[in-house]
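Student: Structure provided below as structure tokens; questions to follow.
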Amino acid sequence: MSLQVGLRGKAWFQVFTGKNSPMAGDPGSVLTADAKLGEDMARFLCVVPNPEGRFPCARRAEVGLEESYTLATRIREAIEQDKNGEKRPIIAIVDVKSQAYGRREETAAIFLATATAADAYASARMKGHPVIALVMGNAISGGFLTHGYQANRILAFDDAGVVIHAMHKEAAARITLRTVAELELLGHRIAPLSYDIHDYAKLGLLHKLLHVEDPDTPSQTTLSQVQKELIDAVADARAGSRDLSNRLTSEGARGMRRVGLLARARMEEQWAKA
Amino acid sequence: MSTATFIPAFVRRQSFIELDARARAQSLLDPGSWRELVGPFDRIESPWLPEQGIAPQSDDGCVVLKGAIDGKPAVVIALEGKFQGGSMGEVSGAKMTAALDLAARDSQNGKKTAAVLLLETGGVRLQEANLGLAVIAEVMASILALREHAPVITVIAGTVGCFGGMSIAAGLSSYIVMTREARLGLNGPEVIEQESGIEEFDSSDHALIWAINGGEQRVAMGVADELVLDDVQKIAATVQRYVKAGLPQVHRSQQIALYRARIAALDTSRQIDPLSLRESWKEKAKEGVAQ
Amino acid sequence: MEQLNFDYPSAKRRVIKKAHVGVAGSGDMEILMQPDATGIAHVSVLTSVNGFRSSWQAVLDRFFAKYDGAVQIDINDAGATPGSVMLRLEQAVEVIES
Numbered sequence: 001m002s003l004q005v006g007l008r009g010k011a012w013f014q015v016f017t018g019k020n021s022p023m024a025g026d027p028g029s030v031l032t033a034d035a036k037l038g039e040d041m042a043r044f045l046c047v048v049p050n051p052e053g054r055f056p057c058a059r060r061a062e063v064g065l066e067e068s069y070t071l072a073t074r075i076r077e078a079i080e081q082d083k084n085g086e087k088r089p090i091i092a093i094v095d096v097k098s099q100a101y102g103r104r105e106e107t108a109a110i111f112l113a114t115a116t117a118a119d120a121y122a123s124a125r126m127k128g129h130p131v132i133a134l135v136m137g138n139a140i141s142g143g144f145l146t147h148g149y150q151a152n153r154i155l156a157f158d159d160a161g162v163v164i165h166a167m168h169k170e171a172a173a174r175i176t177l178r179t180v181a182e183l184e185l186l187g188h189r190i191a192p193l194s195y196d197i198h199d200y201a202k203l204g205l206l207h208k209l210l211h212v213e214d215p216d217t218p219s220q221t222t223l224s225q226v227q228k229e230l231i232d233a234v235a236d237a238r239a240g241s242r243d244l245s246n247r248l249t250s251e252g253a254r255g256m257r258r259v260g261l262l263a264r265a266r267m268e269e270q271w272a273k274a
Numbered sequence: 275m276s277t278a279t280f281i282p283a284f285v286r287r288q289s290f291i292e293l294d295a296r297a298r299a300q301s302l303l304d305p306g307s308w309r310e311l312v313g314p315f316d317r318i319e320s321p322w323l324p325e326q327g328i329a330p331q332s333d334d335g336c337v338v339l340k341g342a343i344d345g346k347p348a349v350v351i352a353l354e355g356k357f358q359g360g361s362m363g364e365v366s367g368a369k370m371t372a373a374l375d376l377a378a379r380d381s382q383n384g385k386k387t388a389a390v391l392l393l394e395t396g397g398v399r400l401q402e403a404n405l406g407l408a409v410i411a412e413v414m415a416s417i418l419a420l421r422e423h424a425p426v427i428t429v430i431a432g433t434v435g436c437f438g439g440m441s442i443a444a445g446l447s448s449y450i451v452m453t454r455e456a457r458l459g460l461n462g463p464e465v466i467e468q469e470s471g472i473e474e475f476d477s478s479d480h481a482l483i484w485a486i487n488g489g490e491q492r493v494a495m496g497v498a499d500e501l502v503l504d505d506v507q508k509i510a511a512t513v514q515r516y517v518k519a520g521l522p523q524v525h526r527s528q529q530i531a532l533y534r535a536r537i538a539a540l541d542t543s544r545q546i547d548p549l550s551l552r553e554s555w556k557e558k559a560k561e562g563v564a565q
Numbered sequence: 566m567e568q569l570n571f572d573y574p575s576a577k578r579r580v581i582k583k584a585h586v587g588v589a590g591s592g593d594m595e596i597l598m599q600p601d602a603t604g605i606a607h608v609s610v611l612t613s614v615n616g617f618r619s620s621w622q623a624v625l626d627r628f629f630a631k632y633d634g635a636v637q638i639d640i641n642d643a644g645a646t647p648g649s650v651m652l653r654l655e656q657a658v659e660v661i662e663s
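Chains as they are written, first to last, in our numbering: chain A, 1 to 274; chain B, 275 to 565; chain C, 566 to 663.
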């Protein structure tokens, strides 16, 4: 990964929206702007590094307390503004280190803060806003659950710096008493454990893997290419359901989540008779 | 005069914590009203654990009982804390999501069905990593869908507590019931110590852990609804009351302005004193609970 | 990881009930016991601890010396001691014969 976590997201936010500062009253770690995306005005949201942040454990693009409540506020604002009209797309640009790991965060109930943001994203989706997550860096654990994982469609850059996972390699190695090399080997064998985005793509959760020439400093051509992908994803989301069922009907799911799907089918059978 | 009147309450008390997930779930439903779905004899187990030399469990650590609570349709979904720390894998997550979705479907068709989640869990099962994480996102979505029609009641009794991504699911619930022994937090103390250093959180400091994540603290600061004794009858009665109460007027995870303001008011120049936080966050009225 | 199978043709008495005991947590095991379709007893053990076939054989031999039910026994074992194994088997029988 050539850029510090969170800076690629910031760069892309600027090329999408022409803006690079937070909305009035928001902390420096959350960028929100409405910008044209095809025929729509879409709301773009991004969590970025904020060295001057009030919370010491949330200064490097972690999703913490302020970030969660700000995301929730800006999403609900869009929902409220659009309640009687066209539902604008909501685009989560995801390049987050993780959730914030701090005592202040636990004391002030970060579990609730993150729930509030996830609630907002899901509510937008359930009300008919197409919610798209564009993963261009790290999307780890609670950070991704809060900012991006409630999306209708998930897109990711095909790049070594893009990692979707439940725990950082180093931490996972420590907890499972393995070396990082051993973990990587395990991931090659067992796809859900892999840190490679190509293996993640096999799980049937990803809408599309995008090959992007210059992910850190996008040219106009690259920008147009990615905008088109977002526009297509928005249309696809609008044409589909407002829940996450597409993740279960994909080809990847039918292969890699076969047993889970069996459990669902068996549950439905038995529920009817209970 | 019966012998029972001479037996002190603490002797009669039956510990909920000492029960396994199945027995806990059974204790909350009206006797004779329930059936277990996709239970042990269905043998739908994790396809990922044996490959890694770990013994699977016939129900993948998730128990689903469909029945009635106080005569009303309900489903109880319980995670077994003694199996892989109650962590979420492909199968346990699929069972939980499916049960929530079916409860939502019934509710939409006129048969309001509440869900009770017994969360004894560390979050994602690392041996299933990305499938565990994905399934938690799906559980969250399903809770939100059911929550439009019927209450989702989370009970955290201990000793594992509720951590990781599943704490976010707890945060989305209509009501959270905790014992004193229970803990609720996004990141466990060991993880914080590992990621941010021992000064940030000394995970050997048990008093600190319960002062921040413990049931008494969470209820006192208003982010959980009720503190309950580790007693089967009392917990069952509490769950009944919340099923009866129905949906709250506003779910806590939608009270954004309130919590945003509370966070803005925090003095972050030092660690936050949990006891002082209770004072400043004390709710004036139980605005969330339907009367 | 080992899959071990044992047959006990002398255990032929028909049973009707099922039993499930235990949790496959570390140092423990779960047992599923139910009527066997073939009319004799079969045991299938999936264990995370390799190299203990003879221990399993010994415990099961002792168990079936006292028990004659035609049961299918499935065990998921995460390192239970032989003593716990016997205990769990007896717990399961209590349910089946109740």
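We put the CB at the ideal spot given by N, CA and C, even for glycine.
Report the residue from Val413/B, Arg286/B, Glu455/B whose alpha carbon sits nearest the alpha carbon of Val365/B.
Tutor: Along the second sequence, read from residue 1 onward, the residue named residue 365/B stands at position 91. Considering only alpha carbons, the answer is Val413/B.
Student: My guess is that Asp344/B and Lys518/B are in contact by the Cβ rule of under 8 Å, so how many angstroms apart are they, rounded?
Tutor: Your numbering for residue 344/B matches position 70 in the second sequence. Your numbering for residue 518/B matches position 244 in the second sequence. So it is a contact: roughly 6 Å between Cβ atoms.
Student: Where do the N-terminal and C-terminal ends of the alpha helix (DSSP H) with Ser550/B fall, by residue?
Tutor: Sequence index remark: in the second sequence, residue 550/B carries index 276 (1-based). Boundaries of the alpha helix (DSSP H) around Ser550/B: 548-555.
Student: Quick one: Cα of Gly116/A to Cα of Glu106/A, how far?
Tutor: Taking the first sequence and counting its residues from 1, the one referred to as residue 116/A is at position 116. Taking the first sequence and counting its residues from 1, the one referred to as residue 106/A is at position 106. Note that residue 116/A corresponds to Thr in the displayed sequence, not to Gly. Rounded to the nearest angstrom, the two C-alpha atoms are 15 Å apart.
Student: Among the residues of its own chain, which have a CB less than 8 Å from the CB of Ile175/A, if the five just before and after it don't count?
Tutor: Position 175 of the first sequence, counted from the start, is the residue given in the question as residue 175/A. Excluding residues within five positions, the ones whose Cβ falls inside 8 Å are Met167.
Student: With a threshold of 9 Å between beta-carbons, can Ser301/B be considered close to chain C, or not?
Tutor: Here residue 301/B corresponds to residue number 27 of the second sequence, with the count starting at 1. At a cut-off of 9 Å between C-beta atoms, Ser301/B does not count as an interface residue with respect to chain C.
Student: Arg578/C bridges to which residues according to DSSP?
Tutor: Your numbering for residue 578/C matches position 13 in the third sequence. In DSSP, Arg578/C forms a bridge with Gly634/C.
Student: Quick one: residues in its chain with C-beta nearer than 6 Å to the C-beta of Asp82/A, no 5 flanking neighbours on either side, listed in chain order?
Tutor: Here residue 82/A refers to the residue found at position 82 when the first sequence is read from its first residue. Arg88.
Student: Label Phe157/A either buried or exposed according to how many other C-beta atoms from any shown protein chain fall within 10 Å of its C-beta, with 16 as the threshold for buried.
Tutor: Residue mapping note: residue 157/A aligns to position 157 of the first sequence, counting from 1. It is buried - the Cβ of Phe157/A has at least 16 other Cβ atoms within 10 Å.
Student: Buried or exposed: where does Lys385/B fall if 16 or more other Cβ atoms within 10 Å of its Cβ makes it buried?
Tutor: To locate residue 385/B, count along the second sequence from 1; it is residue 111. So Lys385/B ends up on the exposed side.
Student: Counting contacts by CB-CB distance shorter than 9 Å, is Ala181/A in contact with chain B?
Tutor: The residue given as residue 181/A occupies position 181 in the first sequence. It does not: the Cβ of Ala181/A has no partner Cβ on chain B nearer than 9 Å.
Student: Are any of the Cβ atoms in chain A nearer than 9 Å to that of His525/B?
Tutor: As a first step, residue 525/B must be located in the second sequence, where it is residue number 251. Yes - at least one Cβ of chain A is within 9 Å of the one on His525/B.
Student: For Lys36/A, count neighbouring C-beta atoms within 10 Å of its own C-beta (all shown protein chains included) and say buried if the count is 16 or more, exposed if not.
Tutor: Stepping through the first sequence from its first residue, residue 36/A is reached at position 36. Its Cβ having fewer than 16 others within 10 Å, Lys36/A is exposed.
Student: Three or more C-beta pairs closer than 8 Å, one from the stretch 299-312 of chain B and one from the stretch 475-493 of chain B: is that the case here?
Tutor: no
Student: Between Ala657/C and Ala329/B, which are expected to be in contact by the criterion C-beta below 8 Å, what is the C-beta distance as a whole number of angstroms?
Tutor: Locating residue 657/C in the third sequence gives position 92, where the first residue counts as 1. Locating residue 329/B in the second sequence gives position 55, where the first residue counts as 1. Not quite, the Cβ-Cβ distance comes to about 17 Å (not below 8 Å), so this is no contact.
Student: With 16 as the cutoff for other CB atoms within 10 Å, does Leu248/A come out buried or exposed?
Tutor: Taking the first sequence and counting its residues from 1, one reaches residue 248/A at position 248. It is buried - the Cβ of Leu248/A has at least 16 other Cβ atoms within 10 Å.
Student: Beta carbons nearer than 9 Å to chain B: which residues of the stretch 594-608 of chain C have them?
Tutor: Met594, Glu595, Leu597, Gln599
Student: Can you grab the Cα-Cα spacing for the pair Ile318/B / Leu400/B, in whole Å?
Tutor: Residue 318/B sits at position 44 when you count from the first residue of the second sequence. Residue 400/B sits at position 126 when you count from the first residue of the second sequence. One C-alpha to the other measures close to 19 Å.
Student: Round the Cβ separation of Asp380/B and Thr387/B to the nearest angstrom and send it over; I've been treating them as touching at under 8 Å.
Tutor: Taking the second sequence and counting its residues from 1, the one referred to as residue 380/B is at position 106. Taking the second sequence and counting its residues from 1, the one referred to as residue 387/B is at position 113. At roughly 5 Å, the Cβ-Cβ gap stays under 8 Å, so Asp380/B and Thr387/B are in contact.
Student: So, do the stretch 446-464 of chain B and the stretch 528-538 of chain B have three or more beta carbon pairs nearer to each other than 8 Å?
Tutor: No, they do not touch.
Student: For Gly562/B and His525/B, I'd like the C-alpha separation in whole angstroms.
Tutor: Along the second sequence, one-based indexing puts residue 562/B at 288. Along the second sequence, one-based indexing puts residue 525/B at 251. Its pLDDT being 37, under 50, Gly562/B is placed unreliably by the model, and nothing is read from it.
Student: Are any of the Cβ atoms in chain C nearer than 9 Å to that of Ile530/B?
Tutor: Residue 530/B sits at position 256 when you count from the first residue of the second sequence. For Ile530/B, the answer is no, since every Cβ of chain C falls outside 9 Å of its Cβ.
Student: Does DSSP put Phe617/C in a helix, in a strand, or in coil?
Tutor: In the third sequence, the residue the question calls residue 617/C occupies position 52. Coil at Phe617/C, not helix or strand.
Student: Expressed to the nearest angstrom, what Euclidean distance is found between the alpha-carbon atoms of Pro647/C and Val624/C?
Tutor: The residue you call residue 647/C lines up with position 82 of the third sequence. The residue you call residue 624/C lines up with position 59 of the third sequence. Each residue's alpha carbon lies about 7 Å from the other.
Student: Pop quiz: Gly471/B and Phe437/B are said to be a contact at Cβ under 8 Å. What is the actual Cβ separation, rounded to whole angstroms?
Tutor: In the second sequence, the residue the question calls residue 471/B occupies position 197. In the second sequence, the residue the question calls residue 437/B occupies position 163. The distance from the Cβ of Gly471/B to that of Phe437/B is about 19 Å, inconsistent with a contact at the 8 Å cut-off.
Student: Going along the chain, which residues of the stretch 386-419 of chain B sit with their C-beta nearer than 7 Å to a C-beta in chain A?
Tutor: Val398, Leu400, Glu402, Ala403, Asn404, Leu405, Gly406, Leu407, Ala408, Ile410, Ala411, Glu412, Met414, Ala415, Leu418, Ala419
Student: Could you give the C-beta distance for Ala120/A and Ala92/A, rounded to a whole number, given that I count them as a contact under 8 Å?
Tutor: Taking the first sequence and counting its residues from 1, the one referred to as residue 120/A is at position 120. Taking the first sequence and counting its residues from 1, the one referred to as residue 92/A is at position 92. Ala92/A and Ala120/A do not touch by the CB rule: their CB atoms are close to 11 Å apart, not below 8 Å.
Student: Measure from the C-beta of Phe315/B to each C-beta in chain C and report whether the shortest distance is under 9 Å.
Tutor: The residue given as residue 315/B occupies position 41 in the second sequence. At least one chain C Cβ lies under 9 Å of Phe315/B.
Student: With 9 Å as the threshold, decide whether the Cβ of Thr17/A is near any Cβ in chain B.
Tutor: Counting from 1 along the first sequence, the entry for residue 17/A is found at position 17. It does not; no Cβ of chain B falls within 9 Å.
Student: Among Ser591/C, Ala576/C, Asp601/C, whose alpha-carbon lies nearest the alpha-carbon of Ser649/C?
Tutor: For the purposes of this step, residue 649/C is identified with residue 84 of the third sequence, where counting begins at 1. When the alpha-carbon of Ser649/C is set against those of Ser591/C, Ala576/C, Asp601/C, the nearest one is in Ser591/C.
Student: Assign Phe315/B to buried or exposed, taking buried as 16 or more other Cβ atoms, counted over all protein chains shown, within 10 Å of its Cβ.
Tutor: Here residue 315/B corresponds to residue number 41 of the second sequence, with the count starting at 1. It is exposed - the Cβ of Phe315/B has fewer than 16 other Cβ atoms within 10 Å.
Student: What residues in the stretch 306-332 of chain B have a beta carbon less than 7 Å from any beta carbon of chain D?
Tutor: The chain inventory of the structure shown lacks chain D, comprising the protein chains A, B and C.
Student: Do Gly359/B and Ser320/B count as a contact pair if the criterion is CB distance below 9 Å?
Tutor: The residue labelled residue 320/B in the question sits at position 46 within the second sequence. The residue labelled residue 359/B in the question sits at position 85 within the second sequence. No, the Cβ-Cβ distance between Ser320/B and Gly359/B is not below 9 Å.
Student: Mind listing, in chain order, the continuous beta strand (DSSP E) runs of no fewer than 3 residues lying wholly within the stretch 428-511 of chain B?
Tutor: 449-452
Student: Per the DSSP calculation, Phe44/A is bridged to which residue(s)?
Tutor: Here residue 44/A corresponds to residue number 44 of the first sequence, with the count starting at 1. DSSP output for Phe44/A lists Ala33/A, Ile91/A as bridge partner(s).
Student: Between Val226/A and Asn50/A, what straight-line distance do the alpha-carbon atoms span, to the nearest angstrom?
Tutor: Indexing the first sequence from 1 puts residue 226/A at position 226. Indexing the first sequence from 1 puts residue 50/A at position 50. Val226/A and Asn50/A: Cα-Cα distance of roughly 26 Å.
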